[in-house]
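Below is one structure, written out as structure tokens; the observations come after it.
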Amino acid sequence: MMGLPLAFTEPLLLIGLVSLPVLWWLLRVMPPRPRRIEFPPTRLLFDIAPREETPSRTPWWLTALRLLAAALVIFAAAGPIWNPQVGAADSKAPLMIMLDDGWSAASHWDVRIRAADELIANAENDRRAIALVPLSEPNRDITLMPAGAARVALRQLAPKPYSIDRVETLAAVDRFLKATGDCEIAWLSDGVDTGRGEDFVAGLGKTVGDRSLTIFEGGTSSPLALVAAENAAAKMMVKVLRTDSGIAMGTVRALDQKASPIGEARYTFGPQDKETDAAFDLPVELRNDITRLEISGERSAGAVQLLDKRWRRRAIGIVSGATSETAQPLLAPTFYLTRALAPFADVRLADKGSPQQGITQFLDQKLPMIILADVGTIAPELRERLNAWVDQGGVLVRFAGPRLAQAEDDLVPVKLRKGGRTLGGSLTWEKPQHLATFAADGPFAGVAVPKDVTVSRQVLAEPDAVLATKSWASLEDGTPLVTGEHRGKGLVSLFHVSADMRWSDLPMSGTFVEMLRRVVDMSGYTSKPGPGVASEATTETVAPLHILDGFGAFGPPPATAKPLPADYRDRATSDHPPGFYGPAEGPLAVNTLASADRIAALNTASLRARHATYTNAEPQDLRGWLLSTALALFLVDAIIVAVLGGGIAALLRRRAAPAMIVLGLLFASLSPAPSRADSAADDFAMKATSQTRLAYVVTGNADVDSIVRAGMSGLTLFLAQRTALEAGDPVGIDPARDELAFFPLIYWPIVPGAPKPPQDAINKIDAYMKQGGTVLFDTRDAIEAPPGANGAAQTPGMQTLREILSSLDVPELEPVPREHVLTKTFYLLRDFPGRFVTGQTWVETLPRDEDEDSAQRPARGGDGVSPIIITSNDLAGAWAVRPDGQAMLPVTGGDTRQREFAYRAGANIVMYTLTGNYKADQVHAPALIERLGQ
């Protein structure tokens, strides 16, 4: 209604508003206030002159008050609904729901599921069949199903972590519509065009024809995406994409392989910007550790950029055999090498001295790549070190020159002729040669061959049977320009020309930069990926290791994920979803979007369709509010009429006492109700004792509280599925205000820097623990602990916990021993992981019997349950699940079953607090039976 989320169940009743002018005319007249006359003797009555009285007019403001009350009654009768459920048009035909389920739909997936639920509910009320069509599955059979089956199928859907091609689904939709005939269509769109969007819109218009179509779009924020991460010379850059407009800002987080935060970068969108940059100004050593970039608060695979060793900036050492040219740097053989490598590598020049000293310096620094520019003879012992370094994975690149042409050296990929070949000189008939081809199976495959590069001098390779297989680039006469071969785990390459302009103009061309980039890429340490080396006829493939789901969380590879080539550089697909592939020590990253990909808003204006928006609010019936307001206005009107007519004054004079009573009752009914603290406390007690419930402390931090609430709900669901405990919904408590005795376990997340609770709350916690309750303190910062034996005690969360515990009578604590009953209450556990696995879990120290061999005791003294448990592994974060059943936060360990073990740890803790004595006795049962037998 006029852009407002308002609808009416009976809109025809709004016609009653036209009667308001008539009511205005009827309400104008108001009887005059009666005059009071004292009766004189009868004879005086004749002296009273009779006058004809006319009614006075009603004040305009009183008439307006009555009209407002009447209008409110009319509006209430029309059935106003705020945030109405907007569905397809009224129809009795079957309903087909088309659902965008690519990565761009993941950020607001629950909103789309809620909209689909509403459509299914409306269709169920009309007894219509439903067809569910996820647009990522073109080969899926489209069939009609009842509402119950449609809900089950809807819950089984999840967003895909790659871009979907909607066009491929049109054929199946067309077959279904031709077979079904009349059909109602609802398209739950994500509003993003990731490719071929115009083709789909045009094809959908032809396929739908005259059928009713409703498109759901808008009402949610634009999805964000990351592309084109580049580890530049000074900082790491990544592009942030969006489809809408307006000023916006956010944060991109950088994580390492263990999901530990490395840094954050802010980004800002201008009013019309569709893309912007986020820059991480970090040391190169930290930037090389980044394996994941993600947009904070954005839940989608497109908002994640995975990085592998190709994005690391490699430190490259350059050693020159020529005399250092400080006066004329353009003549130095390292000038063009330094400029060409600077965009994607950290270049280190050897200190002034001999080439032997420079090579030794870089070998001692363990650099992964060394370039030798016209370095001739190398000492035998240093040559052995270089050979060993190459065998272990080093990359050696050499450039020719006068010194190399006269040397005998085995640190080259091919055998060389002594001396150099001069082309175009005064003593030769040969002309300078142009670059002809790049080998199809070499690292430069796909690079455009420049026409302006000429070679005037080169070192020649001795022809042999394997020379062709080692040639990566050749001149027009067939002689090699660049050769290379693999040795052990490393690589040796030779440019048969010098690194400066003396022998060729190759260093001045852009092809030179790309060739060096490809050579660096073969070792896997460049910031921008390029084609790899295909030195063998067979292409190596790598299997999926960790795969991203549609929400950007890591999980095990699905059965549909296939191995891919080791030199794969494309975007993710259904066969190759985004994630890491290959060995864990050097995986290959596959991302949802390629570096050149961009996203745009999907234009559906050409379709003849109804448009609806998503809404996050629940529908609200406004009839009660309107009728209550109208009743209050009528009551005010009655009081005003009584005052103007003198009725109240007469009532006060004639019946003062009854009038005072009536007025007192009236004001009492209008006065606000007294505080119901006692009633609220009773309701809280009834709720807490009607079922066994777990409790958590409300910290006041909205993000922490939402995660903890979802985590306790997830643990409660796990307990209902795996144990006999069917607990109620968890309860958030305030220790200073609420009664704690109703709960067997209280989970307390520690927020670093939070103020210390008041002493009354501390006293209640102390009494609760002494009366048999257990408090589980979780600092949630195991991953932030600095290295060292006492690192866990130095985190901000642990410091805050120390302040809280300083006022509590806490018993002596110890890490959970292997034989503790807590490790055996329900599952057999060795540790208690959460989102993190490195933190320890502490419980009350129980006395040991030093004379008894502890190895023979199946459990330790279990007559009492520890009143306090301390951990830093973020248990609630691992338990937390979203409404759609997906995990809310990722886990940091490498074990794919870590989340399952976190749930098991929670089950053991709950069972320990509920049945600690019983479980301990059960563990000791064999020893007790043996003693009874004696």
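Offset between the sequence shown (1-based) and the numbering used here: plus 524.
The beta-carbon is built from N, C-alpha and C at its ideal position, and this holds for glycine as well.
Computed from a predicted model, the values in this text were never measured in an experiment.
Where the beta strand (DSSP E) through residue 1367 begins and ends = 1366-1368
For residue 1152, the three-state DSSP class (helix, strand or coil) | helix
What residues are listed by DSSP as bridge partners for residue 801?
-> 763
What is the rounded straight-line gap between the Cα of residue 593 and the Cα of residue 772?
-> 44 Å
Measure the CB-CB distance between residue 1304 and residue 1274 and report whether it falls below 8 Å.
-> yes
Nearest-angstrom Cβ-Cβ length linking residue 768 and residue 746, presumed shorter than 8 Å | 4 Å
Check residue 999 in the structure and name its three-state DSSP category.
-> strand
Whole angstroms is fine: what's the gap from residue 1012's alpha carbon to residue 752's?
-> 33 Å
Is the distance from the Cβ of residue 789 to the Cβ of residue 776 below 8 Å?
-> yes
Taking the runs of the alpha helix (DSSP H) that are 4 residues or longer, which of them lie wholly in the stretch 658-717?
-> 671-679, 694-704
Residue 584 burial status per 10 Å Cβ neighbour count (16 or more: buried) = exposed
Residues near residue 1061 in its chain [Cβ-Cβ closer than 6 Å; skip 5 each side] | Note on residue 1061: pLDDT 39, under 50, position unreliable in the model; no value is reported.
Any idea if residue 1412 is buried or exposed, counting beta-carbon neighbours within 10 angstroms, 16 or more meaning buried?
-> buried
Where residue 891 sits in the DSSP three-state scheme | coil
Considering only C-alpha positions, which residue in the set 1087, 981, 587 is nearest to residue 956?
-> 981
Could you have a look at residue 1390 and say whether DSSP puts it in helix, strand or coil?
-> coil
Tell me whether residue 1287 counts as near the ligand ATP, meaning its Cβ is closer than 7 Å to at least one heavy atom of that ligand.
-> The ligand ATP is absent from the structure shown, which contains no ligands of any kind.
What's the C-alpha gap between residue 1459 and residue 779?
-> There is no way to answer for residue 1459, as the model of the chain reaches only from 525 to 1458.
Classify residue 1224 as buried or exposed, calling it buried when 16 or more other Cβ atoms lie within 10 Å of its own Cβ.
-> exposed
What is the rounded straight-line gap between the Cα of residue 709 and the Cα of residue 718?
-> 22 Å
Starting from the Cα of residue 1072, find the closest Cα among 685, 621, 669, 1400 and give me that residue.
-> 685
Do residue 1137 and residue 715 have their C-beta atoms within less than 8 Å of each other?
-> no
Helix, strand or coil for residue 723 per DSSP?
-> helix
Pick helix, strand or coil for residue 1484, following the three-state DSSP scheme.
-> Residue 1484 lies beyond the range of the chain shown here (525 to 1458); nothing can be said about it.
Hey, which unbroken runs of the alpha helix (DSSP H) at 4 residues or more fall wholly within the stretch 1303-1363?
-> 1320-1329
Nearest candidate by alpha-carbon position, reference residue 1370, set 1389, 1359, 1354 | 1389
Close beta carbons around residue 1362, own chain, < 6 Å, minus the five adjacent residues each side | 1306
Please name the residue in 586, 589, 730 whose C-alpha comes closest to that of residue 1130.
-> 730
Which one of 1258, 1205, 1101, 1264 has the shortest CA to CA distance from residue 1216?
-> 1264
Enclosing alpha helix (DSSP H) for residue 1025 [first to last residue] = Per DSSP, residue 1025 belongs to no alpha helix (DSSP H) and is neither H nor E.
Less than 8 Å separating the beta-carbons of residue 1354 and residue 1397?
-> no
Report the three-state DSSP secondary structure of residue 881 (helix, strand or coil).
-> helix
For residue 829, is the classification buried or exposed, using 16 other Cβ atoms within 10 angstroms of its Cβ as the cut-off for buried?
-> buried
Alpha-carbon spacing of residue 985 relative to residue 887, whole angstroms = 28 Å
Using the rule of at least 16 other Cβ atoms within 10 Å of the residue's Cβ for burial, across every protein chain shown, is residue 1414 buried or exposed?
-> buried
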